[in-house]
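*Asks:*
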Amino acid sequence: MPIPWERGTVVTIMDVIDDDLRRQVNLLVDTYRDRCLWFLRADYYPSDLTDVLRTLDYIRRYGDQEAFRKAGELHQWLSRDSSKPSAVS
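Numbering (this note's numbering), first residue to last: 115 to 203.
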């Protein structure tokens with residue numbers, strides 16, 4: 115298994131985040147798929163940070179107050195981490 119920041123290795127946010135956060139994002143997608151994500155494929159799960167943040171924005175936009183809160187918490191946490199400098203830069 116390659117080291118995540120090894121030169122030439124492609125790493126997505128879904129590789130870097132822990133399994134618990136990945137499950138939280140996927141559970142939120144499953145919970146709000148019919149109500150907020152009807153325009154995405156039925157088997158869609160976000161695969162990189164851009165997709166995750168976009169999907170959370172959709173849930174916040176089209177969901178109820180609880181969806182807005184849950185997606186907002188994850189969005190805030192992921193946005194905070196994404197603004198840090200890269201380990202390879």
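Where a beta carbon is used, it is the ideal one built from N, C-alpha and C, also for glycine. Bear in mind that the values here come from a model prediction, so they are computed numbers and not experimental data.
Go through the region 124-173 residue by residue and report every complete run of the beta strand (DSSP E) that reaches 3 residues or more, in order.
*Replies:* Listed in chain order, nothing qualifies, since the region 124-173 has no complete beta strand (DSSP E) run of 3 or more residues.
*Asks:* Mind checking ASP134: buried by the 16 CB within 10 Å criterion, or exposed?
*Replies:* ASP134 should be labelled exposed.
*Asks:* Do you know how far the Cα of THR145 is from the Cα of ALA181?
*Replies:* Between ALA181 and THR145, the C-alpha separation is close to 9 angstroms.
*Asks:* What is the rounded straight-line gap between the Cα of SER193 and the Cα of ASP171?
*Replies:* Looking at the two C-alpha atoms, the distance is approximately 12 angstroms.
*Asks:* Taking the straight line between their C-alpha atoms, what separation do you get for ALA156 and CYS150?
*Replies:* Those two C-alpha atoms are separated by around 12 angstroms.
*Asks:* Could you tell me the distance, in whole angstroms, from the CA atom of ARG175 to the CA atom of THR164?
*Replies:* Answer to the nearest angstrom: the Cα atoms are 16 angstroms apart.
*Asks:* When we look at the beta-carbon of LEU142 and count the other beta-carbons within 10 Å, is it buried (16 or more) or exposed?
*Replies:* Buried: at least 16 other Cβ atoms inside 10 Å.
*Asks:* Below 6 angstroms CB to CB, which residues in the same chain sit around ASP148 once its five sequence neighbours on both sides are set aside?
*Replies:* No residues qualify anywhere along the chain.
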